[in-house]
Amino acid sequence: MSTRRTPVSPLTPRRSPLLTGLMLLFLVYTLVPLVWLILSATKTQADLFSSPGLWFGDHFAFFSNIKETLTYRDGIYLRWLANTLLYVVVGAGGATLLATAAGYGLAKYRFPGRRVVFAVVLGAVAVPGTALAVPTFLMFSNMGLTNTVWAIIIPSLISPFGLYLMWVYAADAVPQELLEAARIDGAGEIRIFFSVALRLLAPGIVTVLLFAVVSTWNNYFLPLIMLSEPKLYPLTVGLTQWSGQATGANAQPVYNLVVTGSLLTIVPLVIVFILLQRFWQSGLSAGSVKQ
Amino acid sequence: MLITSGRRARRLALAVAALTAASVLAGCGSSDDGGGGAAGEASAADLDAALKEGGTITYWTWTPSAEAQVAAFEDQYPNVDVKLVNAGTGNDHYAKLQNAIKAGSGGPDVAQIEYQALPQFALPGDLVDLGQYGLEDYAADYTPSTWAAVHAGEGLYGLPQDSGPMAMFYNKDVFDKLGIDVPTTWDDYVAAARTIKEKDPSSCITNDSGDPGFTTSMIWQAGGQPFQTDGDQVTIDLQDPGTLKWTGVWNQLVEDKLVCTIPGWTEEWFKALGDGTIASIGLGAWAPGVFEQSVPDGAGKWRVAPMPTYDGQPATAENGGSTESVLKQSQNPALAAAFVRWLNHDEGIEPFLESGGFPATVADLEDPAFVDKKLDYFGGQEVNQVLTDAANHVVSGWQYLPYELYANTIYGDTVGKSYQNQSDLNQGLLSWQDALAEYGNQQGFKVN
Amino acid sequence: MAQVVAQLASRKAVRRTARRTARPPAHGRRWRSRSDTKGWIFVGPFLVVFALAFLAPIAYAAYLSLFREQAFFGTREFVGLDNYVDVFTDNKFWDGALRVLLFFVVQVPIMLGLALVAALAIDSARLYASNFFRLIIFLPYAVPGVVAVLMWGFMYGTNFGLAADVNELLGTSIAPLNKSWMLASIANIVTWEFVGYNMLIFYSALRTVPGDLYEAAAIDGAGALRTVLSIKIPALRGAIAIATIFSIIGTFQLFNEPNILRTLEPNVITTYYTPNLYAYNLSFGGQQYNYSATVAIVMGLLTMVIAYVVQLRGSREAM
């Protein structure tokens, strides 16, 4: 893992049990609620309300919970999962693309007004979204976009963090000389972007993608407002609906499915994290050594 | 960060602004009160005609029995296609409904609406008056309290789906262990509360952390009529004789710390019901199902008794229950109304009862098969005897506010404070009253 | 993530330590404008979607904030800046605003501090299984909100939950969800959720510091602590600045966590507990869309001001 360090003793320090111990404490802090989540996913609905939180219940129902989660109400969970994947792939993917292009544009082209762009983006993001929900809904409704996948995807295409990252990364990773050379050769701007710049920007792109994926995966509020057709729900909204079944008259609680369903949604994110991590690791160090 | 001027910059800025303006204008041209709807005279015959002709309607609801009901309906009327949508529970559902109404489209034909929320949708004119289809003729088929609940102003806006007359659910094991008789008056109840606290400080007679539905039902039971609406005149008096009767009793429980304060419908609440911490609780007639589903540890220990009253004579209030209404923006109101009629008056009631619902129809409430049903969870007690009796003793004359949903949201800010400080409920109620009056006046009502 | 930012900052750090003479900034030079304005081709798509998804609703909200509408009788009247005057004299608004300000001043430094320490620890190669740590610390960010009510309801439960057990163990009687502890409990949830996220930002920034820098420092005889203070921390300046700005925006928009706990304690979490919660309840609870829009815009402006102030102090190097 530490490949960049040469074998000189101050640079290859001994592993410290003390430091590891302190970090372990931190790890426990992080894990306790997650342990609750995993244990709760092994319990039946009845056990959830009658057994201690940080230990198993009377029945071990992990696999039957998983099975039931995936088949409850004709397997709507799988539909919600597919929806979430669609929103994430198109939304996060699109966000990365837009942020990369825009960041590149801001970094490599000195056109007037470019600093204002970022200030405006930050300013708009600073306005709390909850109060904008109804105006956005009315707008989208007039354009016929409510209750469609576009109502979810379009807002998730904007990643201000991604924009900033790519701006700074592009400024540094793509040498102006290379662009000038390509221009002299007669290549058009768009061609230059796709054939020259993108390769150099790769590690930054992967980072932006990772964070965009995680934030669109957990997108909840706007889908809740925009969608009234359960077949279009992402997992977050669908699970909330299941959660609401436990309250009031004619209650049919399925908390065990809510918990199991939530646990299952973390799995793809972990996979994405592990995969992207390896890719971006190597790209980073390689890109930074050049001076 | 200075803007360096340049023609091209200005041009793009203009383009972005134009696009923004275009979208804003698109958004601005909005809500008129939705079209659709048969103009002119209509009648019950129209409903039958609509059923025969068929069509498609959308139905938003969160009742668990809806799937079975829709399936049965489509079997009976193959020409009609009902699109069943669960748009969320309670406030989520209402938020989407409000948005769709404001936007003028995107809403369902038929929507489930709880009794407390009905005036909020009916009075601004967003629901279809079902009186025009002759449904007023069904008055005698429903209990008086639910029939009153589906009216708002001058119109009829739905048919009652279920009812929730309140009863006292109590843990017999705990009562027996602590030597407590089932109280029939509120004074007895307070005395029992003190006994329980003395003998077992970790338990309590009941749980109340402040709940607007419970508070309004209690005031209702005491004969209070704090909310009166007449056109755009609204009277709010949360210190009227009925209210004061209730606070007279309930202040003792709150200020003397005789109640548990676990927030309702949470994991801790279910557990406390199961392990005997909460000895009794006043809930609507739909509660047996909740116990069976969510309080497994309490099986066999709980029983049902009539609510304690102020003078020992039977009296209770409704707590919960809903109707289905037809939205004005529906493209096929006659078919939608026909569906509502089927759902809550005709064959739709059976699947509803099968899934554990508590009826609002007099016939079903008097049906011996229903009344004499023994429930294992309640030690074999024929709980419906108590509950149907309660349905017949609901105090009359209650009205909800035209903005009851809003009132419920700010309850925690106002009355909730009294609960939090365990102090005089009247102060909290007055504070609630002030906030409600201010809101009402802002929204164009003339309050008090 | 802000590896990028840090990359730039670290380069400058290198230059600073290696060469004393400052170079004149590149900004002042003028490039030929022919190809420069083509930059709009790349920024364009982003801006178009941005205009649709953000600027238009904000413009509409600003428009709404100049009116007053009645939810039940449909009248709408132009009131100019009256709504804004109302917001500035609204106790509920200031109650919430001051609360998030307090939250920001206390929670953000703690959270970023923890993230920093964790990143430094993982980067130091002194840990066993650092890959594992990195993944686990990031996990809380991935947990969906719907399960948070159940989860934290359990953690903070004083009857059957973890808090009950802890109280029994330590003989205390802390009620995490009562009025005095509520804000701290929310701070705990937010910290738990976002430490991993911020740690990753810092860690990526650290990973871009070139190896030769560490060699040079070792040759000069610098110990571990000195290395951290003179190389790693300066390399992180840009990342810290950007993480702070986004934390400011996140804190001032605090909504999810109080909303989750509102189910558990509606008496403590009032409808105006944070300004964002206030705007939400105005809109969805009371249908007071105009006033809600006003609150949102005022909050946006306040957030911008504070973010600007922070940026002035912190991140000139990063740009």
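Chains as they are written, first to last, in this note's numbering: chain A, 1 to 291; chain B, 1 to 448; chain C, 1 to 319. Ideal Cβ positions, reconstructed from N, Cα and C, are used throughout, including at glycine.
Min CB distance residue i to chain B below 7 Å
i: C/G153; result: yes
i: A/T42; result: no
i: A/F49; result: yes
Helix, strand or coil at residue i according to DSSP, with G and I counted as helix
i: C/G145; result: helix
i: A/I38; result: helix
i: A/L235; result: helix
i: C/I174; result: coil
i: B/W302; result: strand
i: A/T260; result: helix
i: B/G107; result: coil
i: B/T409; result: helix
i: A/F56; result: coil
i: A/R115; result: helix
i: B/I219; result: helix
i: B/Y310; result: coil
i: C/R126; result: coil
CB contact below 7 Å: residue i versus chain C
i: B/A95; result: yes
i: B/P296; result: no
i: B/Q443; result: yes
i: A/P128; result: yes
i: B/T216; result: no
i: B/G29; result: Residue confidence is low: B/G29 scores 41 on pLDDT, short of 50, so the model does not pin down where it sits. No coordinate-derived value is stated.
i: B/D126; result: no
i: A/Y104; result: yes
Inter-residue CB distance, residue i and residue j (contact presumed, cutoff 8 Å)
i: B/P314; j: B/H393; result: 4 Å
i: B/L159; j: B/N344; result: 4 Å
Spatial neighbours of residue i in its chain, beta-carbon cut-off 6 Å, leaving aside the 5 residues before and after
i: B/T277; result: S203
i: B/Y133; result: A42, A44, L47, A337
i: B/Y115; result: A149, G321
i: C/A293; result: A61, L64, S65
i: B/G356; result: G289
i: C/T191; result: M111
C-beta neighbour in chain A for residue i, strict 7 Å
i: B/T89; result: yes
i: B/P64; result: yes
i: C/R126; result: yes
i: B/Q471; result: The structure shown has nothing for residue 471 of chain B, since chain B only spans 1 to 448.
i: B/W186; result: no
i: C/P322; result: A question about residue 322 of chain C goes unanswered here, because the residues of chain C that appear run from 1 up to 319.
i: C/A243; result: no
i: C/G28; result: Its pLDDT being 46, under 50, C/G28 is placed unreliably by the model, and the measurement read from it follows with that caveat. So, not an interface residue.
i: C/M304; result: yes
Alpha-carbon to alpha-carbon, residue j and residue i
i: B/G106; j: A/I153; result: 19 Å
i: A/V88; j: C/F202; result: 25 Å
i: C/L225; j: A/V32; result: 32 Å
i: A/V127; j: C/A296; result: 6 Å
i: B/K102; j: A/L138; result: 8 Å
i: B/P241; j: B/Y439; result: 24 Å
i: A/E177; j: A/V117; result: 25 Å
i: B/T388; j: B/T63; result: 21 Å
i: A/V121; j: C/F50; result: 8 Å
i: B/L130; j: B/L156; result: 5 Å
i: C/L170; j: B/I219; result: 43 Å
i: B/E255; j: B/S418; result: 9 Å
i: B/Q443; j: A/T130; result: 22 Å
i: C/A218; j: A/P203; result: 29 Å
i: C/W181; j: C/T158; result: 13 Å
i: B/I396; j: B/A72; result: Sequence inspection shows Ser at residue 396 of chain B; the Ile mentioned does not correspond to that position. In a straight line, the C-alpha of B/S396 is about 35 Å away from that of B/A72.
i: B/W302; j: B/A272; result: 13 Å
Close-in-space but distant-in-sequence residues of the same chain around residue i (CB under 7 Å, 5 per side omitted)
i: A/P160; result: V121, L122, V125
i: A/T146; result: F137, F140, M226
i: A/L198; result: none
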